[in-house]
Amino acid sequence: MGKISVCMATYNEAKYIREQLESILCQLSEDDEIIVSDDGSTDGTIDIIMSYHDNRVKVLHHISSPGSSFVKATRNFENALLHAHGDYIFGRFTKLSPKMKTRAKQVQIKPLIYS
Numbered sequence: 445m446g447k448i449s450v451c452m453a454t455y456n457e458a459k460y461i462r463e464q465l466e467s468i469l470c471q472l473s474e475d476d477e478i479i480v481s482d483d484g485s486t487d488g489t490i491d492i493i494m495s496y497h498d499n500r501v502k503v504l505h506h507i508s509s510p511g512s513s514f515v516k517a518t519r520n521f522e523n524a525l526l527h528a529h530g531d532y533i534f535g536r537f538t539k540l541s542p543k544m545k546t547r548a549k550q551v552q553i554k555p556l557i558y559s
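This is the structure:
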């Protein structure tokens with residue numbers, strides 16, 4: 445199967461980030477990646493993410509731009525997407541559905557055509 449990228453945009457999520465990373469990491473292979481774009485968290489989110497010494501976790505420090513919270517969140521997530529290298533890119537999920545992995549495998553199957 446091709447490489448999977450899971451993209452996450454964070455801002456002050458120290459309370460939940462460890463559980464999310466654990467859930468996602470246990471479902472990924474060694475070739476997959478998690479791209480975390482953080483928008484200047486001040487609650488220790490970055491420290492928790494950096495405590496993972498796992499080469500699948502890549503942290504980006506996004507510099508927040510002016511705008512509404514929706515615009516900031518969108519740009520932060522876009523930053524993660526721009527750095528993803530996977531053949532299949534997913535947004536943040538607490539659990540990566542087995543159906544998604546199955547579907548990604550199905551896309552790679554080459555059809556056999558008889559004539």
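With my numbering as the guide, the letters of the sequence shown map in order to residues 445 to 559. Positions of the beta carbon are idealized from the N, C-alpha and C atoms, including for glycine.
Who does residue i pair with in a DSSP beta bridge?
| i | result |
| --- | --- |
| Glu-477 | Ser-449 |
| Lys-502 | Ile-479 |
| Tyr-532 | Ile-448 |
| Thr-518 | Beta-bridge pairing links Thr-518 to no other residue. |
Give the secondary structure of residue i by DSSP, where H, G and I count as helix, E and B as strand, and everything else as coil.
| i | result |
| --- | --- |
| Leu-469 | helix |
| Asp-482 | strand |
| Tyr-460 | helix |
| Ile-492 | helix |
Closest to residue i by C-alpha separation, out of the options, would be which residue?
| i | options | result |
| --- | --- | --- |
| Thr-486 | Tyr-455, Phe-534, Phe-521 | Tyr-455 |
| Lys-502 | Leu-469, Phe-521, Glu-477 | Glu-477 |
| Lys-447 | Leu-465, Ser-495, Lys-516, Asp-475 | Asp-475 |
Do residue j and residue i count as a contact pair if the criterion is CB distance below 8 Å?
| i | j | result |
| --- | --- | --- |
| His-506 | Ser-481 | yes |
| Ala-517 | Gly-488 | no |
| Ile-533 | Leu-526 | no |
Quick one: Cα of residue i to Cα of residue j, how far?
| i | j | result |
| --- | --- | --- |
| Val-450 | Ser-513 | 22 Å |
| Gln-471 | Met-452 | 15 Å |
| Ser-467 | Asn-523 | 22 Å |
| Arg-462 | Ile-490 | 11 Å |
| Ile-479 | Tyr-460 | 16 Å |
| Asp-483 | Ile-493 | 13 Å |
| Gly-535 | Asn-499 | 19 Å |
| Ala-528 | Arg-519 | 15 Å |
| Ser-495 | Ser-473 | 20 Å |
| Gly-530 | Leu-465 | 17 Å |
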